[in-house]
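Trainee:
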Amino acid sequence: MSERNNPASRLHSILEESKDGQHRQKSVMQMWADVFEINLEEPDGPLRLIGQLANLKALIHEVREKISGMDVRQSLYLKHFEKIENATRIDQLGAAWSTSESQLSEATMDSLEHCSELLSSAFSEDDISESIVEIKDKVENLSEEVIASDLDEPIKNFILKELEVIRRGIFDYRLKGASGLRESVATTIGDFMLSPDVSQSTNDKGFLSKLKTLIVDTEKITSSAMRLKALAGTAANNVLEMISQSST
Numbered sequence: 003m004s005e006r007n008n009p010a011s012r013l014h015s016i017l018e019e020s021k022d023g024q025h026r027q028k029s030v031m032q033m034w035a036d037v038f039e040i041n042l043e044e045p046d047g048p049l050r051l052i053g054q055l056a057n058l059k060a061l062i063h064e065v066r067e068k069i070s071g072m073d074v075r076q077s078l079y080l081k082h083f084e085k086i087e088n089a090t091r092i093d094q095l096g097a098a099w100s101t102s103e104s105q106l107s108e109a110t111m112d113s114l115e116h117c118s119e120l121l122s123s124a125f126s127e128d129d130i131s132e133s134i135v136e137i138k139d140k141v142e143n144l145s146e147e148v149i150a151s152d153l154d155e156p157i158k159n160f161i162l163k164e165l166e167v168i169r170r171g172i173f174d175y176r177l178k179g180a181s182g183l184r185e186s187v188a189t190t191i192g193d194f195m196l197s198p199d200v201s202q203s204t205n206d207k208g209f210l211s212k213l214k215t216l217i218v219d220t221e222k223i224t225s226s227a228m229r230l231k232a233l234a235g236t237a238a239n240n241v242l243e244m245i246s247q248s249s250t
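Here our numbering runs 2 ahead of the position in the sequence shown, where the first position is 1.
1. Using DSSP with H/G/I as helix, E/B as strand and the rest coil, what is Ser-104?
2. Keeping to the same chain, check which residues put their C-beta closer than 6 angstroms to that of Ile-92; ignore five residues upstream and five downstream.
3. How many angstroms separate the CA atom of Thr-189 from the CA atom of Ser-104?
4. What are the residues that DSSP puts in a beta bridge with Ala-98?
5. Which residues mark the beginning and the end of the alpha helix (DSSP H) in which Leu-216 is found?
6. May I ask you to verify whether the region 43 to 57 touches the region 148 to 155, counting CB pairs closer than 8 angstroms and requiring at least 3?
7. Can you tell me where the alpha helix (DSSP H) holding Pro-45 begins and where it ends?
8. So, do the region 70 to 83 and the region 127 to 137 have three or more beta carbon pairs nearer to each other than 8 angstroms?
9. So Ala-97 and Val-167 are supposed to be a Cβ contact under 8 angstroms. How far apart are they, rounded?
10. What is the residue span of the alpha helix (DSSP H) that Thr-90 lies within?
11. Could you tell me whether the region 25 to 41 touches the region 133 to 147, where touching means 3 or more Cβ pairs closer than 8 angstroms?
12. In terms of residue numbering, what span does the alpha helix (DSSP H) encompassing Met-72 cover?
13. Can you check whether the CB of Ile-16 is closer than 8 angstroms to the CB of Val-37?
14. Would you kindly work out how many angstroms separate the C-alpha atoms of Phe-209 and Glu-146, rounded to a whole number?
15. Would you mind sorting Arg-75 into buried or exposed? The rule is 16 or more other CB atoms within 10 Å of its CB.
16. Under the rule that 16 or more other beta-carbon atoms within 10 Å means buried, what is Asp-22, buried or exposed?
17. Return the Cβ separation of Leu-216 and Leu-144 in integer angstroms, given the expectation that the two are a contact with Cβ distance under 8 angstroms.
18. Identify every run of the alpha helix (DSSP H) within the region 154 to 193, keeping only runs that are complete inside it and at least 4 residues long; order them along the chain.
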């Protein structure tokens, strides 16, 4: 499937990648680290991996719950889910992936694809992979600018913290879709509201404005992806108004 536009299609995409022949001789832990592009040598690498595996289990649960709530032959769609859950167990990270991979048979993957087709009618969102790349580039560029600046530490730390929140939302996109990134945007909005001393600063050298624009753009993209036409931009406009009022 070319687009990860609903929970089942995102799950299918990730599991399909795990079945790549290059992973067969790896440990379960290393295989998932490679799929999620996590360097286990970094200090927080193992912890980040555990977090992503928890998100993966949550995604599996979400697919099951959504199908269970639909008026369909649930046993037909969910009959292979036990195999999916066995293949993604987190208590065998040191074992060979080839053993777990055997659970992801062609029949299992076909069944998951049928789940994706079913959910597409009610739980689909537009694919924003290209926009995600653009947002990621903006986050990285702004981070570099802020780090290299002579901003006061409180303002610098605040901006970097909010950029990290958005960065995590981008990192989780494969699992959580646009809704996960939208949650990150909501977090940044909340942080602005709880940090009036920072938002009222007149010594931010324009960086708060750049962060604000990034939040606005990201909110609009995620709203559009989730087809929230009537709501698109509402939260972003609230951010604009809030910062403008607090800066006067």
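Using N, Cα and C, we set each Cβ at its ideal position, and we do this for glycine too. As the structure is a computational prediction, the values presented were derived from the model and not from experiment.
Mentor: Based on what the coordinates show:
1. Residue state, collapsed to three classes: coil.
2. Here the set comprises Leu-55.
3. Straight-line Cα distance between these residues: approximately 40 angstroms.
4. Answer is Ser-29.
5. Element bounds for Leu-216: 209 to 227.
6. Verdict: no, contact absent.
7. It is not in any alpha helix (DSSP H) - Pro-45 carries neither H nor E in the DSSP assignment.
8. The region 70 to 83 vs the region 127 to 137: no contact.
9. Not really, about 34 angstroms apart at Cβ, beyond 8 angstroms.
10. No alpha helix (DSSP H) holds Thr-90; DSSP gives it neither H nor E.
11. The region 25 to 41, when compared against the region 133 to 147, does not touch it at the 8 angstroms Cβ threshold.
12. Per DSSP, Met-72 is not a residue of any alpha helix (DSSP H), being assigned neither H nor E.
13. Against a cut-off of 8 angstroms, the Cβ pair of Ile-16 and Val-37 comes out as a contact.
14. So the two alpha carbons sit approximately 12 angstroms from each other.
15. Sixteen is the threshold: since fewer than 16 other Cβ atoms of the shown chains lie within 10 Å of the Cβ of Arg-75, the residue is exposed.
16. Exposed is the call here.
17. About 7 angstroms separates the two Cβ atoms, so the contact holds.
18. The qualifying runs are 155 to 173.
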